[in-house]
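**Student:**
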Amino acid sequence: DGGITQSPKYLFRKEGQNVTLSCEQNLNHDAMYWYRQDPGQGLRLIYYSQIVNDFQKGDIAEGYSVSREKKESFPLTVTSAQKNPTAFYLCASNPRGSGGHEQYFGPGTRLTVT
Amino acid sequence: KQEVTQIPAALSVPEGENLVLNCSFTDSAIYNLQWFRQDPGKGLTSLLLIQSSQREQTSGRLNASLDKSSGRSTLYIAASQPGDSATYLCAPGGTGANSKLTFGKGITLSVRP
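Those protein sequence lines, which keep their order, are chains A and B.
The numbering of the first sequence is the working numbering, which starts it at 1 and goes up by one.
The numbering of the second sequence is the working numbering, which starts it at 1001 and goes up by one.
Below, the structure written as structure tokens:
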């Protein structure tokens, strides 16, 4: 089955630790995205990548880092510099240059930092 | 900067009712607009994608319309069912090769049996 997988579903970390969230897709999509969702808020874009080895900051990139070494994978690292890391993180993808293409989402990872 | 508004934040209707969910956006220079459904604790499921050149799209009991010039989109749900209970989000997409979406906060729909 084609789709986007995110692991783990739930993640718990102590304050001050970096943590990496996994996102893998087998849809052969060039573009991938990371969003953050907080209660009562819309999704906010953290980082996006239109092609392998290239990525751009979204609206709230501070305290986060990404890599895009493979087309299928776009891991997100939440660093200790992120002031409020507890949130629901969603990964998405769509074909590149995609005016007109649907964006598909993974099931999300809920990160809790205490 | 694009801003997206969805009002009301929550809606409760009896089963069988036809209903309209509204979405407004400030920048009419969009490439497309996507409607999503989100169940509690889950990812987003795409419902409908409307291109900027289109006026509406239909899928089953769902119909989405787009009035780009006035910055409005509506999602029409016919004969609502309890299984339609979820949060519905609209997201206009940027122009050009950049397909970034801007999301509203969503409308949480509850359909009462």
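We put the beta carbon where it would ideally sit given N, CA and C, even for glycine.
Just checking: is the beta-carbon of glutamate 62 of chain A within a distance shorter than 7 Å of some beta-carbon in chain B?
**Tutor:** No, its Cβ sits nowhere closer than 7 Å to a Cβ of chain B.
**Student:** Measure from the alpha carbon of glycine 42 of chain A to the alpha carbon of each residue in B:Phe1103, B:Ser1046, B:Val1013, B:Leu1021, then state which is nearest.
**Tutor:** Put simply, of B:Phe1103, B:Ser1046, B:Val1013, B:Leu1021 the residue whose alpha carbon is nearest the alpha carbon of glycine 42 of chain A is B:Phe1103.
**Student:** Does phenylalanine 1103 of chain B have its Cβ less than 7 Å from a Cβ in chain A?
**Tutor:** Cβ-Cβ to chain A under 7 Å: yes for phenylalanine 1103 of chain B.
**Student:** Scan the stretch 12-70 of chain A and note each continuous beta strand (DSSP E) run of 3 residues or more that stays entirely inside, going in chain order.
**Tutor:** Taken in chain order, the whole beta strand (DSSP E) runs of length 3 or more contained in the stretch 12-70 of chain A are 19-25, 31-37, 44-51, 54-57, 64-66.
**Student:** In the DSSP assignment, find the beta strand (DSSP E) that holds threonine 1093 of chain B and state where it starts and stops.
**Tutor:** The residue asked about is misnamed: residue 1093 of chain B is glycine in this sequence, not threonine. Run containing glycine 1093 of chain B: 1086-1093, per the beta strand (DSSP E) assignment.
**Student:** So, do the stretch 17-36 of chain A and the stretch 81-97 of chain A have three or more beta carbon pairs nearer to each other than 8 Å?
**Tutor:** yes
**Student:** Can you tell me which of the three DSSP states proline 1082 of chain B falls into?
**Tutor:** helix
**Student:** Are any of the Cβ atoms in chain A nearer than 7 Å to that of leucine 1049 of chain B?
**Tutor:** Yes, its Cβ sits closer than 7 Å to a Cβ of chain A.
**Student:** Does leucine 1032 of chain B come out as helix, strand or coil in the three-state DSSP assignment?
**Tutor:** The displayed chain sequence assigns asparagine, not leucine, to residue 1032 of chain B. Residue state, collapsed to three classes: strand.
**Student:** Going by C-alpha distance, which of A:Gln103, A:Lys71, A:Thr112 is nearest glutamine 82 of chain A?
**Tutor:** A:Thr112
**Student:** Can you find at least 3 beta carbon pairs, one from the stretch 44-60 of chain A and one from the stretch 1008-1020 of chain B, that sit closer than 8 Å?
**Tutor:** As far as the Cβ criterion goes, the stretch 44-60 of chain A does not touch the stretch 1008-1020 of chain B, which means the pair count is below three.
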